[in-house]
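In the working numbering, the protein residues as written are 19 to 350.
Glycine is no exception: its CB is placed at the ideal position from the N, C-alpha and C atoms.
In what follows, a single structure is set out as structure tokens and then discussed.
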Ligand SMILES: Cc1cc2nc3c(=O)[nH]c(=O)nc-3n(C[C@H](O)[C@H](O)[C@H](O)COP(=O)(O)O)c2cc1C
């Protein structure tokens, strides 16, 4: 079917996935510099938000250069989701994304996230209410089904969501029961995109530029969304853009570039979170330093320190001393 206007931006869209404790403002900023065409906030618990929880309110704060960013909300009650969507609209979101895919028991067990997949009628009614309550486009991020269905509900669900005015759907091509296990089956994204005019984003197991190309070719989707892969390799955005827009294969980041990236990210994390920014930078060390010569030893030293100043010193030292790390070597 002919594609409609996309809230996800130009096709093919290459999006940074919403990831709790990962896709925060510092990480969105650095991913954008590498070519992420649109970012999502971490999911925001609507009940906490409406109770005035500081952490949830902070997630709604978008800096002027943090654009386009969609604010993702989750909850079990359509009325609180509606109120939160209105707040997200006022906060300057590019659009509102409703999480209907989270499998985590404390969320799905309470009727939010993927639990909506067990009650498709209520899910469609809830989405209709949100669409009617805000001027911004409303999108849904979900999975192919809850699990064990013979025929996954996603295709019919997507048609019904389109009918009530939802502007786009991200399909994480697993069931909720699969959590993150087993292979994502992109054929469901293909079937979904074939059934609707609104853009469908294919998500699940997309890690490299070549994965982006294959997923787009196999599904005909309007874009792809990358989650876990970017935690260790955000350069996938740059490589995907080059491949998809110009058919070019660009060189992987040099050792120096990897270290420079971590230095920038550490500084951004500290600016956003204070000295504790050193801890959330740690999750990127294994993937980013692991493959480089001397990276394991550096990683061990970085894990051992609680001081962001010391972490910065270690990274800068490594960058400045070619005898510690070979300079300017491309890493596969
Ligand atoms: C650490 C982590 C946090 C996540 N947090 C969210 C979230 O806040 N909202 C959401 O819709 N999905 C969340 N997800 C799911 C991802 O957005 C994505 O759908 C999933 O990881 C599959 O994509 P991938 O194979 O590229 O990782 C999270 C995943 C991970 C690994």
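Residue j beta carbon less than 7 Å from that of residue i
i           : j           : result
residue 56  : residue 256 : no
residue 115 : residue 75  : no
residue 317 : residue 307 : yes
residue 149 : residue 178 : no
residue 159 : residue 117 : yes
residue 44  : residue 286 : yes
residue 187 : residue 152 : no
residue 204 : residue 230 : no
residue 277 : residue 299 : no
residue 86  : residue 234 : no
residue 138 : residue 96  : no
residue 201 : residue 173 : no
residue 288 : residue 326 : yes
residue 242 : residue 210 : no
residue 126 : residue 111 : no
residue 295 : residue 250 : no
residue 315 : residue 323 : no
Cβ neighbours of residue i in the same chain (closer than 6 Å, five flanking residues each side left out)
i           : result
residue 27  : 55 and 56
residue 134 : 118 and 141
Neighbourhood of residue i by C-beta, 8 Å cutoff - its chain only, sequence neighbours within 5 removed
i           : result
residue 195 : 121, 164, 165 and 166
residue 70  : none
residue 20  : Residue confidence is low: residue 20 scores 43 on pLDDT, short of 50, so the model does not pin down where it sits. Its coordinate-derived value is still stated next. Excluding sequence neighbours, residue 20 sits near 215.
residue 146 : 182 and 183
residue 93  : 63, 64, 65, 99, 102 and 130
residue 293 : 325 and 326
DSSP bridge partner residues for residue i (one or two, in chain order)
i           : result
residue 161 : 190
residue 269 : DSSP output for residue 269 lists no bridge partner at all.
residue 216 : BP columns for residue 216 are empty, so no partner.
residue 31  : 241
residue 56  : 33
residue 62  : 91
Any non-hydrogen atom of ligand 2 within 6 Å of residue i CB
i          : result
residue 85 : The model depicted lacks ligand 2 and carries ligand 1 instead.
Close beta carbons around residue i, own chain, < 7 Å, minus the five adjacent residues each side
i           : result
residue 193 : 161, 162, 163, 164 and 165
residue 208 : 236, 237 and 238
residue 248 : 34, 49 and 254
residue 37  : 60 and 245
Integer-rounded CB distance, given that residue j should sit under 8 Å from residue i
i           : j           : result
residue 258 : residue 32  : 5 Å
residue 24  : residue 240 : 5 Å
residue 109 : residue 80  : 6 Å
residue 175 : residue 227 : Incorrect: roughly 30 Å between the Cβ atoms, too far for contact.
C-beta neighbour in chain C for residue i, strict 7 Å
i           : result
residue 327 : Absent here is chain C; the protein component of the structure consists of one chain.
_Any beta strand (DSSP E) of 3 or more consecutive residues that is wholly inside the stretch 82 to 157_ = Segments of the beta strand (DSSP E) lying fully in the stretch 82 to 157: 87 to 92 and 114 to 118.
_To test your reading of the DSSP string, which unbroken alpha helix (DSSP H) runs of 4 or more residues are found completely within the stretch 267 to 308?_
Complete alpha helix (DSSP H) runs here, min 4: 273 to 291, 295 to 299 and 303 to 307.
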